[in-house]
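Here is the structure we will look at, set down as structure tokens.
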Amino acid sequence: MSHEKYSSVIEALHECMEACNHCYTSCLQEENVKEMAECIRLDRECADICAFLEQSLTRDTPYVKELAQLCVKACRDCGDECAKHNHDHCQKCAEACQRCADECEKLVL
């Protein structure tokens, strides 16, 4: 039943992971790929952390608070970096990251 208890968070985590993966792949196709290095790195980190927390919540992990804290930080950092870039995929990723961080923050309080 944990998936029902955490349904809004799990949805935000999944959307953020997908947005980060799309941003990561799209950044690699940009002409100025070297300028996108930090965005690419944070996209990968954030996607992996979101995916891990999503899976952990479906297992009703006892580490909800700690993992959620890490996810909030990863999402905020990734969102802040993506927001610096004018590419549509970066802007959409920034929005997904901020929504996800807001949802995960509810688990920390």
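Counting in UniProt numbering, the sequence shown runs from 1 upward without gaps.
Just so it is clear, CB atoms sit at the ideal spot from N, CA and C, and this is done for glycine as well.
Predicted model only: the values in this text are computed from it and were never measured.
- A direct Cα-to-Cα measurement between L57 and V64 gives close to 7 Å.
- C104 is positioned such that its CB atom lies closer than 9 Å to that of L13.
- Closest in C-alpha terms to H22, from the list Q91, T61 and V9, comes Q91.
- Only exposed fits Q29, as fewer than 16 other CB atoms lie within 10 angstroms of its CB.
- Here the alpha carbons of C27 and L107 stand approximately 31 Å from one another.
- Separation of the CB atoms of R76 and A94 is rounded to 10 Å, and the pair is thereby denied contact status at 8 Å.
- Distance check between I49 and each of A19, S8 and A74 places A74 closest, using alpha-carbon atoms only.
- T61 carries a coil assignment under DSSP once its states are collapsed to helix, strand and coil.
- A residue is called buried when at least 16 other Cβ atoms come within 10 angstroms of its Cβ; V72 meets this threshold and is buried.
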